[in-house]
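Q: Numbering (the working numbering), first residue to last: 4 to 641. Quick one: this structure, given as structure tokens, is what I'll be asking you about.
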């Protein structure tokens, strides 16, 4: 059932939280866009990432660092009634085109059009998908939608429903575009498969997406996503795929298999024909496009099971890779695997950024991929050749039975790491000598190490887990980064306090066919689900489930405690929202690693050099007011 209503009333109940200054007379620092083709150059925001290049850049200069703190809320729009219950996980970025704000919101993932100056509701559209939405792996309002126009009056917004349908709406009325697909809808579950090609069930089959479609020229490109991969029930999950449709008609143009089939490039990296019994390897982040070159850039995630890959020997292309394909045909042009045999949840988390830079006096058309591990990988976006050398370096090896890790992993020589990506003794919290001593004592229960320290089988007597940073939620994650084309500079927020215990346990046989999933020895097994699950409009409410706190040590150290402090993946705790430990160990309630907990970073992309890094945010109350820190001079921690 579909609902599309046009209204002229103020919404009673927040999708667009605040808009400070929206004026038609805003000054621009760029050229005017061609008539009929909105862009950031005309003061608009037509893509989730501002433009199809992923820049998040706007030339508007009326709001700046000098007056930003003087902004006032112009209007609010609450999304409570866009579904059966309020939503508390709003991740979307609204679009603004020709004075209209378009966004998704609410537990039913409704689409709304709002007057940009007043916040007045123009129209609302929603799809009632019943059990199909309840079974979806990626629920709630998602991250938004996309806009397309032919420049001659045909204006559309497109989005992916909770139940994995691609819907095209008339941007002026909110009605489905009947000439697109079947009455405005393409059922994207058709063609999604498990195993060697078995079609998944259209109601219960696992596939979805919370990111927006990418629209370039007359092509709409859509990725795929699945449930959190820490405690999966089977490695033979739905296979990831990327597809493109004609934006006018909804006709399928091409499909790219991220798990290569026999005869396709990369199939041999799935040893023992393991391609046939594994899934995931989708693209859940934003896709970017070089329209002039006709090239698409795909940031690919892990294969099935984030922390264990004994069921998929080999490097597993195109897992954790940046893949470039042809916009018209979907044919692979080049790829670079950033993580070999992925077992760290190092999904490529954010939109690849297209940059025109100058290196050693020569112009370079580049693409940069930010990562959870705090490393920025930069390539010539036409050829795939690294702009600066990337070295294969030896990394720690696994001791998990049945697992085989790659002996080396790729490390860029430029730019330097922008965030913490391992946990060593000198990373531990050291506000006072006593706290540092307690942190060292807590750390004895874990294995510490650099980036690419592999997960281990959890033991009650220790080690409980490999303690590392930058995996589940660290470094750069789905909010992404930005590129300033005037400064040739990369900017990002990055998490330094996202500490994760990579411990494995054997799951109950009735739960999973994997040998190992994430868990902690000495505790009752429990599945780990993400905050986006179980909260569809027609589903019973179910909270996110973080990994359980470690069991108490046999000998308690006064004042020291190790434990998770709540919050699911990507929540405040997982994001290291301050002094809390998130998934990792804590010392008197403080994060086991020292600040800064989060940083904002600037990188000169012509030189591949760090310009600056500063703590992001103020010092959290649980640090500022901590009893053990009275009289201690605590710098801003972020």
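Don't be surprised by glycine CBs; every beta carbon is placed ideally from N, CA and C. Everything numeric in this text was worked out from a predicted model, so none of it was measured.
Strictly by DSSP, which residues pair up with residue 496?
A: DSSP output for residue 496 lists 603 as bridge partner(s).
Q: What distance in whole Å lies between the Cβ atoms of residue 108 and residue 82, which are believed to be in contact at a cut-off of 8 angstroms?
A: Residue 82 to residue 108, Cβ: 4 angstroms. Contact.
Q: Under 8 angstroms, with one C-beta from each stretch per pair, do the stretch 480-489 and the stretch 447-466 reach the 3-pair mark?
A: Touching, no, given that fewer than three Cβ pairs across the two stretches are closer than 8 angstroms.
Q: Using the C-alpha atoms, what's the distance from residue 214 back to residue 491?
A: Taking the straight line joining both Cα atoms gives about 27 angstroms.
Q: Quick check: what's the CA-CA separation for residue 339 versus residue 153?
A: Between residue 339 and residue 153, the C-alpha separation is close to 34 angstroms.
Q: Less than 7 angstroms between CB atoms is the rule here; does residue 542 satisfy it with respect to chain C?
A: No chain C is part of this structure, which consists of one protein chain only.
Q: Relative to the C-alpha of residue 471, which candidate in 309, 430 and 294 has its C-alpha closest?
A: Nearest option by C-alpha distance: 430.
Q: Please work out which residues of its chain come closer than 6 angstroms, Cβ to Cβ, to residue 563, disregarding the five sequence neighbours upstream and downstream, and give them in chain order.
A: Residue confidence is low: residue 563 scores 33 on pLDDT, short of 50, so the model does not pin down where it sits. Its coordinate-derived value is still stated next. Within the same chain, residue 563 has close Cβ partners 441, 444, 445 and 590.
Q: Have a look at 126, 143 and 127 and flag the residue whose alpha-carbon is nearest the alpha-carbon of residue 93.
A: Among 126, 143 and 127, the Cα nearest to that of residue 93 is on 143.
Q: Tell me which residue opens and which closes the alpha helix (DSSP H) that residue 436 is part of.
A: Residues 436-446.
Q: Per DSSP, what are the beta-bridge partners of residue 291 in this structure?
A: Residue 291 pairs with 300.
Q: I'd like the list of long-range same chain contacts for residue 135, defined as Cβ closer than 7 angstroms, with 5 residues on each side in sequence excluded.
A: Contacts found: 166 and 206.
Q: State the Cα-Cα distance for the pair residue 542 and residue 343, rounded to the nearest angstrom.
A: Their backbone Cα atoms lie some 37 angstroms apart in a straight line.
Q: Could you spell out where the alpha helix (DSSP H) holding residue 624 opens and where it closes?
A: It spans 624-627 - the alpha helix (DSSP H) in which residue 624 sits, taken as one unbroken run.
Q: Just tell me which of 211, 234, 266 and 283 has its CA closest to the CA of residue 243.
A: Here the closest residue by C-alpha is 283.
Q: Give me the residue from 137, 473, 161 and 156 with the minimum Cα distance to residue 146.
A: Closest option to residue 146, Cα to Cα, is 161.
Q: In the DSSP assignment, the alpha helix (DSSP H) including residue 137 goes from what residue to what residue?
A: Segment 134-137, the alpha helix (DSSP H) holding residue 137.
Q: Here's the rule I'm using: 16 or more other beta-carbon atoms within 10 Å means buried, otherwise exposed. How should residue 347 be labelled?
A: Per the 10 Å Cβ criterion, buried.
Q: For residue 36, which three-state DSSP category applies?
A: Confidence at residue 36 is low in this model, with a pLDDT of 45, below 50, so the placement of that residue is unreliable and no value is reported for it.
Q: For the pair the stretch 64-84 and the stretch 223-243, tell me if three or more CB-CB distances fall below 8 angstroms.
A: Result no; under three Cβ-Cβ pairs closer than 8 angstroms.
Q: Exposed or buried, what is residue 371 when buried is set at 16 or more other beta-carbons lying within 10 Å of its beta-carbon?
A: That one is buried.
Q: Could you give the first and the last residue of the continuous beta strand (DSSP E) run that contains residue 324?
A: Counting along the chain, the beta strand (DSSP E) containing residue 324 begins and ends at 324-329.
Q: Please classify residue 283: does DSSP put it in a helix, a strand, or coil?
A: Residue 283: strand per DSSP, three-state reduction.
Q: So residue 336 is in the beta strand (DSSP E); what residue range does that whole segment cover?
A: Taken as a continuous stretch (DSSP letters only), the beta strand (DSSP E) holding residue 336 covers 335-340.
Q: Would you mind working out which of 192, 148, 195 and 193 sits nearest residue 173, comparing C-alpha positions?
A: Of 192, 148, 195 and 193, the residue nearest in Cα terms is 148.
Q: Note down the Cα distance separating residue 296 from residue 308, rounded to an integer number of angstroms.
A: Each residue's alpha carbon lies about 35 angstroms from the other.
Q: Mapping the DSSP letters down to three states, classify residue 412 as helix, strand or coil.
A: If DSSP states are grouped into helix, strand and coil, residue 412 belongs with the strands.
Q: Exposed or buried, which one is residue 642 when buried takes at least 16 other CB atoms within 10 Å?
A: Nothing about residue 642 can be reported from this structure: the residues present for the chain run from 4 to 641 only.
Q: Taking the DSSP output, what are the residues bridged to residue 181?
A: Looking at the DSSP assignment, residue 181 forms no beta bridge with any residue, so it has no partner.
Q: Please name the residue in 507, 609 and 260 whose C-alpha comes closest to that of residue 232.
A: If we check each option's Cα against that of residue 232, 507 comes out closest.
Q: Is the separation between the beta-carbon of residue 416 and that of residue 391 shorter than 7 angstroms?
A: Cβ distance < 7 angstroms, so residue 416 and residue 391 count as in contact.
Q: How is residue 319 classed by DSSP in three states: helix, strand or coil?
A: Looking at residue 319 - three-state DSSP - the assignment turns out to be coil, as it is neither helix nor strand.
Q: Identify, in the order they occur along the chain, each residue of the same chain with its Cβ nearer than 6 angstroms to the Cβ of residue 184, setting aside the five sequence neighbours on each side.
A: 253, listed in sequence order.
Q: Give me the DSSP bridge partner(s) of residue 366.
A: 361, per the DSSP bridge assignment.
Q: Would a C-beta distance cut-off of 7 angstroms place residue 399 and residue 475 closer than the cut-off?
A: Not closer than 7 angstroms, so no.
Q: How far does the beta strand (DSSP E) with residue 171 in it extend, from its first residue to its last?
A: Element bounds for residue 171: 168-173.
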